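Chains as they are written, first to last, in the numbering used here: chain Y, 1 to 414; chain A, 415 to 642; chain F, 643 to 1498.
Backbone N, C-alpha and C define an ideal beta-carbon position, used for all residues, glycine too.
Computed from a predicted model, the values in this text were never measured in an experiment.
Single-structure report; data block below.
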Amino acid sequence: MKKSNLILGLAGVLILISLIAWGYQINKGLIVTNMRNPFSWGLYIATFAFFVGVAAGGLIISSSVYLFNIEKLKPFTRIASLSAFASILGAGAMIFPDMGRVDRVWNIFVYPNFKSPLVWDVVVISAYLLITFLSVYVQLLPDWKKEGRGFLNGWTKSHPQEYVEAFSKKWSKRVALVGLPVAILIHTVTALIFATQESRGWWNTAVLPPDFVSVAIASGTAFVLVIALLAVGKDQFEQYKEAFQRMALIVAGALVVHFFFVSVDLLIHGWWGSPEGKEVLSLIFSHYGFLYGTELLLPAFTMVFFLTKKGKNSFNALIIGSLLLFIGVFAHRLMLMYPAFNSIPLTLAIPGAGIESWAYPVAIGQLQEGVPVFVSSWAYTPSLVEYAVALLPFGLLVFVVTLALKMYNYVPQK
Amino acid sequence: MRLGMVIDLDRCIGCRSCAVACKSHNAQPPGTWWNRVFTPGASFHQAAVGKDGALQMESLPVSCQMCDNPACQKVCPSGATYTDEQGVVLIDYERCIGCRYCIAACPYGVRQYNWEDPKKAKERVGYEKGYEYGYPEDFRDKDGRLVFTPNRPVGVVEKCTFCAQYTSQGEEPACVRGCPGKVRLFGDLDDPNSEVSKLIKKRQPIRLKEELGTSPKVFYLAPAKPIR
Amino acid sequence: MGTQNLKLTRRHFLKLTAATGVVAGTIGTASVIRQAGAAPKKGDSKINYVRTTCSPNCTGACGMNALVEDGEIKSIIQAADYPEAEYNPRGCLKGLSMTNLIYGPDRLQKPLILKGKPGSGDFKEASWNETLDYTAGRLKEIAEKYGPESIGVIFQVGGTGYVQKGAVSRLATLAGWTMHHAYDQNGDLPMFWPMTFGVQSEEIEPREWHNSRYVMVFGSNILATRIPDAHFLLEARNKGAKIMVFDPNFSPTAAKADEWFSIKPSSDAAVALGLARVLIEETLYDANFIKTFTDLPLLVRVDNGKRLKADEVKGLTKPSDTPAYREAYVAYNGQFMAVHPEKLDLPLDVVIEGEVDVTLKTGETVKVKPAFQLLKENLSQYTPEEIEKTAGILKDDLLRIAREMAGTKPLHVIYGAGNYQWYHGDLKGRALALLPVLTGNIGKPGAGISTYAGQYRIRFKVAEWWVPEGKKQNWLPFLYVLHGPTKTMKAKWPKNGIKALIVGWGNPFDQHNMSNKLREMVEKEDLEFVVTTDFQMTTSCQYSHAVLPAVSWYEKTDLVATPVHPYLQLQQPAVDPLYEGKPEFWIVRELAKRLNPDFEKYFYPDLEPNQAAEKVIELLLETGGPEVAGITLEHLRKGPVRLKSEVPGGRQIPFYEQVQHKKPFPPVSLPAKLEQTAQFVKSGRIEFYKDEDLMLQAGEALPVHKPPFEESEYALNPLAKEKYQFCYVTRNAIYRVHSTHSNNVWMNELQEGKPRVWLSPEDGQEKGIKEGDEVEIYNDRGKLTAYAIIDPGVGRKQAVFEQGWWSRYLKGASYNSLTYPFIKPTHELYFVPGMWSPNTAWNECLCDVRKVGDSL
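The structure is reproduced here in structure tokens:
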């Protein structure tokens, strides 16, 4: 398995780069990012939200197998669980470099504030990490028993193979069923981190949690789809075509729901015509038009594409459609930040001067020649260090998935 | 006791002395301002707003609004931000994990982050070697929580404390003492006889972004020319 | 700490603030230590508060407490210890951030001797001995070669430090050097004062603003330039005073006013004369007042425009007790009478209108008219219609204001410095003075006319310290150094000109008129030697041959007073001098003994500088006269002490004695002797009619409106009229005191560290300049670059620049390179330093603007 070693090596390099960059960041402070007070969350949180999104796939596939009896997807429940575990691991890992005082993160556990959606997220993400791990674990138990190896499975030695198989089957189902609401919750809660904030009009909408769920179903399923495609290879495409098509359909269906939410959201932001609403719309359609276009058009393409015969009938088409979707979803996560931060909450109307929305400048937290200290918008583009640090979840995900695929059998037996 | 502040915009001349007093006494690093004064509507402070014949120029100082319903406190995952028994919203510099959720949550843009070690930022300004400005002693609340230190740790959020280091000793906050226009009044909102309470009753106060339900304890008295 | 529930009412705070303990420290270090707040707690024991006085050249003289720990000033806060609570808490953003200058990167650390070319910054660090020897040596050489009077001394305004600045005056007097009076150098001297009232300048103290009921502000931006006093104006407004602002630009002050009138640049005289015309036409004036206190009843000869002297008239004689510097003139109430110049007792039936024939001693009969009649005739041209055209104020507004102001007393006119720093600033002031005088608003609480600029005024006698043994002093208006001597000058031009400059407390190479010319003079070695004392490396230090590191006002002992509020205060060292800095007193003493060993004895050679300064303060208080009678150093250590005045309650109301007790004008303007200033108003009255030949020739016998630039820019270069149509206005920003604080990091954070030029939207559009664009402001004399602010409150054809930026923020240029040292001939009629003297008209300057990158 030379190829997998190469991939592992590459993933290791990604992780190393990100750790070095993170080390540099810890040494210098977050000043090495391009975030500043007026724009205090950036690539890291966007990447986190992206990985939370793709982590959905695992339990959606597994639970739909049990809940909706979609037997065709059954061969991919292991891969689904693995991809979910790897993604949520990546998401969790991404949070740490964003903390200015990562050395004190334990304070969340010692002094948790249960009003904080961030604490809720810690709880559900930890739970999801555990559940996806268990899901992988219980599904692998029979193989391990058979092969006489494994991980934390000493207790199975005293049980016969049939018992382990039955145990695995029973618990896979249970874990999947318990996991489904948690999967929904991680998106809901992650969305609630943003949606609870009345200070940021762009976030403060009840449609955000369900929309997060719909996007997660789309991107999470697409992610399982991609891993499954890669795992089975072009050669066996035809054999599992129906499963792939089913997944593509889930992706497309979820996107339909997503676009429904987007339309409703835009309509509500726009219809009332408040200065704040107008400002947000002008930010997304003109200032960040390109990024927003990416967010809308690429997934829209995938949605339509996956509903066509051409789109779901070939290996390459599915891969391309999924990749475009990922780019779109990543843009979506970044677009959580831009309109939210660059529409300063403290805006005032100036009666008598014809000014309806004037943003009260914020100090950026840095003094640098040629850069104003007070701004009413911040042209954020991630710094090189941020890009490097943000490689961490990508590296972890690739590493974990590749290693797992290499070590154990996730791909259905021929 | 609920400590609060009344800012009489009618008297405010926009001189920014309060912002500077605040910066100095609270040892704010370069680029960090807990307290700001701007001319709403103007592209530059103290430029006129409006068109021919209908010009205006008011000043609006903004620092922590000391909300009774503080979003920053509610989002803080580690309880670093808290409200003390006098209603003052404070940050425990030793508890803050630097997640900056509070900065996203605050509608007033008052929260400031230490993006780098403030010592280094101050060194770059070129002060005399080893010189540090600001109230030189740490201040801990009754539970020993560090809510003021002149040497701010890197990676934590900071903001106005109503000058905990001074008010705990019975002195007024630096912005109140530093305001040559006597614009700011500080006192107990629970005491109906305090000057702040009386003014709030007497003159229709405004609170910033009141529609968000943050219930600030900083009250503004509207700028108004006398009506004749 | 902080556990007990303190009852934080305001009264409690005030009590705490007032309950400041006083502890005398060891002599020479922190003398007075004030513990603010509650009893010291664990960990706080190292913190001391030292009360001192902030003293840049802003006139504020605000009491400040320095929070000191381990010999370092950590923070500064207003002392708020003025016995009258209304004055608390004086201070502003600059004073509060003074730590940035004291401990900042531009602080001078060691004496420097220039190695390279002036302005190159190529210095060598040297010991005090070496630098002082070098400086004294060069000064001696120059004195021997050109005479000591060819050494010019700039030490800025006296009030910011009577001791240290007095030391400079003392040495300059001993050495026979020439001194340049800051008040005229800075253009702060409003020449209408000596012309009309015979005084240097006067102002009612800001607390009196509360008593005004009608306040007319002509081009003064009190909210930005008088930050500690601005609240008095707003309080006056809220107590019912009407605030009327006349300014081409919508300033923060205009924003708080009841009404704002955007008049055309330098058209204030027209407005005032238009108002005066209405007052007279509608007989809204106080006839008894003008008969008693002004020269308006005095007769003027129609044939030659001269005032009729008693000695000229048949049957009249000058009273025998008329002092030499006075003149007795003539009034008429059916018969001619000699008017005693020291008695304000004309009968109220004196005729002030019409024309009569008078027979002179020569037998000749001439026609005479009361000055009032001439004034009335002169004003007839200023009809509301005419003023609307000239000044841009609606005629109905003019009529309304005239009637309002006449009926609403007390009336106070505030005449802004930026407004009188024009070529015809004197005419504007004389015209504006008509308003309070015609309505009898002089010498009464809340009434009068005030100019609030410059901490120039010497508020008590200082001669014992400043002028050793009554020696003669040489004074030369600085304008002549730049302009060259004129034929008509009354001041004495040193026969070899000025060949060396000794600079302290100032930054003339940025801040003075035609700074580029001054730089050239050094570069071409017209100025052979410049030595500067300062605590920061200013542009002027860069152009100096020797730089002597002084200390800030937190590191020395001094005595401070200002014209703006009536408190005498101490400056007390909060910390020891930083680096190798020394108080100016020490530097002067060291120079003195090197120049001439006999000089040393004049400077308390046995005492350490702070001890010596205290001795000087004691001397000044003992010999300072009635204003400081009874005040001791001990009193001052406890806090600010009000200077004494003849007004009940010690209030500062100019001409109170004249009006209430009918004493002749002028009151004394220290340090001048009465005979020096009384010659300006020989009648002993408020004079609107000036009959000096030059005044008559200039057509300025009575206040008139003259448009700007005609006698200045256009006279210098007729092409300027076409070529340069923008007024170059240099106003004060809240971020600087002149050039002090130009490099203050926090001030620059607040304004992006960028110099700005403020333009009207129309001009911006016409010139293709948008907000934030880099703009070049230029004329034939110089140019500078600044960033545009497009402000709808700025009037047309103005490039408003906020003054004080060091050259390093302006690509090496001085913003003053555009200005020109115009000298108005009437300002040369007399010469009394800082009182009647040619002075700088900063705003009499034309320019054009273009976006950087645009071709010519």
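On the CB-based measure, 16 or more other CB atoms within 10 Å of its CB, does THR1004/F come out buried or exposed?
Exposed.
Could you tell me whether the Cβ of GLN470/A comes closer than 8 Å to any Cβ of chain F?
Yes - at least one Cβ of chain F is within 8 Å of the one on GLN470/A.
Of the residues that make up the region 520–549 of chain A, which ones have a beta carbon closer than 8 Å to any beta carbon in chain Y?
Within the region 520–549 of chain A, contact with chain Y at the beta-carbon level (separation under 8 Å) is assigned to CYS520, PRO521, TYR522, GLY523, ARG525, GLN526, TYR527, ASN528, TRP529, GLU530, ASP531, ALA535, ARG538, VAL539.
Where the region 492–503 of chain A meets chain Y: residues whose CB sits under 8 Å from a CB there:
Those residues of the region 492–503 of chain A placed with their C-beta closer than 8 Å to a C-beta in chain Y are SER492, GLY493, ALA494, ordered along the chain.
Taking GLU147/Y as part of the alpha helix (DSSP H), name the residues at either end of that continuous run.
117–147 is the extent of the alpha helix (DSSP H) around GLU147/Y.
Mind listing which residues of the region 356–370 of chain Y have their C-beta closer than 7 Å to chain F's C-betas, in chain order?
Flagged, chain order: LEU367.
Chain A contact residues for LYS278/Y, given Cβ-Cβ distances below 7 Å:
Taking a Cβ-Cβ threshold of 7 Å, none of the residues of chain A is close to LYS278/Y; the smallest such distance is about 17 Å.
Cβ contact check for the region 1444–1456 of chain F and the region 1423–1433 of chain F: 3 or more pairs under 8 Å:
Pairwise C-beta distances place the region 1444–1456 of chain F in contact with the region 1423–1433 of chain F, as three or more of them are shorter than 8 Å.
Assign LEU813/F to one of two classes, buried (16 or more other C-beta atoms within 10 Å of its C-beta) or exposed (fewer than that).
Residue burial is scored here from C-beta neighbours: LEU813/F has at least 16 other C-beta atoms within 10 angstroms and is therefore classed as buried.
Using 8 Å as the threshold, is the C-beta distance between GLU242/Y and LYS72/Y below it?
For GLU242/Y and LYS72/Y, yes; Cβs fall inside 8 Å.
GLN720/F CB to nearest chain A CB: under 8 Å?
Cβ-Cβ to chain A under 8 Å: yes for GLN720/F.
Pick out whichever of LEU249/Y, ILE125/Y, ASP235/Y, PHE48/Y has its Cα sitting closest to the Cα of ILE61/Y.
Out of LEU249/Y, ILE125/Y, ASP235/Y, PHE48/Y, the CA that lies nearest to the CA of ILE61/Y is found in LEU249/Y.
Within 10 Å of its beta-carbon, does HIS1303/F have 16 or more other beta-carbons around it, so buried, or fewer, so exposed?
Classification of HIS1303/F: exposed, given that the 10 Å Cβ count is below 16.
Can you tell me the Cα-Cα spacing of LYS884/F and VAL1258/F, whole angstroms?
Here the alpha carbon of LYS884/F sits roughly 45 Å from the alpha carbon of VAL1258/F.
Evaluate ASP531/A with the Cβ neighbour count: other Cβ atoms within 10 Å of its Cβ, from every protein chain shown; 16 or more gives buried, anything less gives exposed.
By the 10 Å Cβ count, ASP531/A comes out buried.
Can you find a CB in chain F that lies within less than 8 Å of the CB of ARG401/A?
Look at the range of chain A in this structure, 415 to 642, and you will see that residue 401/A is not part of it.
Taking the straight line between their C-alpha atoms, what separation do you get for ALA317/Y and ASP265/Y?
Approximately 30 Å, taken between the alpha carbons.
For chain A, find out if any of its Cβ atoms is closer than 8 Å to the Cβ of PRO1215/F; answer yes or no.
Judged by the 8 Å Cβ criterion, PRO1215/F is not in contact with chain A.
So, with DSSP's three-state summary, where would you put ASN1374/F?
In the three-state DSSP reduction, ASN1374/F falls in the coil class, being neither helix nor strand.
Beta bridge counterpart(s) of CYS1369/F as assigned by DSSP:
GLN1440/F, LEU1488/F, per the DSSP bridge assignment.
Count the other CB atoms within 10 Å of the CB of MET407/Y; is the residue buried (16 or more) or exposed (fewer)?
With fewer than 16 other Cβ atoms within 10 Å, it is exposed.
Among PRO1350/F, LYS716/F, GLY1326/F, TYR927/F, which has the Cα closest to the Cα of TYR1196/F?
Nearest of PRO1350/F, LYS716/F, GLY1326/F, TYR927/F to TYR1196/F, Cα basis: LYS716/F.
Specify the secondary structure class of GLY418/A as computed by DSSP and reduced to three states.
Looking at GLY418/A - three-state DSSP - the assignment turns out to be strand.
Note down the Cα distance separating GLY685/F from GLU551/A, rounded to an integer number of angstroms.
Per-residue confidence for GLY685/F stands at a pLDDT of 48, beneath the threshold of 50, marking its modelled position as unreliable; the derived number appears in the next sentence. Linking GLY685/F to GLU551/A through their CA atoms gives a straight-line distance of about 7 Å.
Using 8 Å as the cut-off, can you tell me whether the region 1360–1373 of chain F makes contact with the region 930–942 of chain F, which would need three or more C-beta pairs spanning the two stretches below that distance?
The region 1360–1373 of chain F vs the region 930–942 of chain F: no contact.
Taking Cβ to Cβ, would you say MET1179/F is nearer than 8 Å to LEU750/F?
Result yes, Cβ atoms of MET1179/F and LEU750/F sit closer than 8 Å.
Is it the case that the Cβ atoms of MET833/F and HIS1469/F are separated by a distance below 8 Å?
For MET833/F and HIS1469/F, yes; Cβs fall inside 8 Å.
Would you report the Cα separation of MET419/A and ALA216/Y, rounded to the nearest angstrom?
Rounded to whole angstroms, MET419/A to ALA216/Y spans 46 Å at the Cα level.
Coarse secondary structure for LEU67/Y, derived from DSSP in three states
Helix, per DSSP.
Could you check where the alpha helix (DSSP H) with LEU1278/F kicks off and where it finishes?
Annotation: the continuous alpha helix (DSSP H) that includes LEU1278/F extends over 1275–1280.
Cβ of ALA588/A within 8 Å of any chain Y Cβ
With a threshold of 8 Å between beta carbons, ALA588/A makes no contact with chain Y.
When you compare the region 1489–1496 of chain F with the region 847–854 of chain F, are there three or more beta-carbon pairs, one atom per stretch, that lie closer than 8 Å?
Cβ pair count under 8 Å is below three, so no.
From the DSSP output, in three-state form, read off GLY1272/F for me.
The answer is coil: DSSP assigns GLY1272/F none of H, G, I, E or B.
Within the continuous beta strand (DSSP E) that includes ILE364/Y, where are the two ends?
No beta strand (DSSP E) holds ILE364/Y; DSSP gives it neither H nor E.
Does any residue of chain Y have a CB that is nearer than 8 Å to the CB of GLU1391/F?
The C-beta of GLU1391/F comes closer than 8 Å to at least one C-beta of chain Y.
Nearest-angstrom Cα distance between ILE796/F and TYR971/F?
In this structure, the CA atom of ILE796/F is about 41 Å from the CA atom of TYR971/F.
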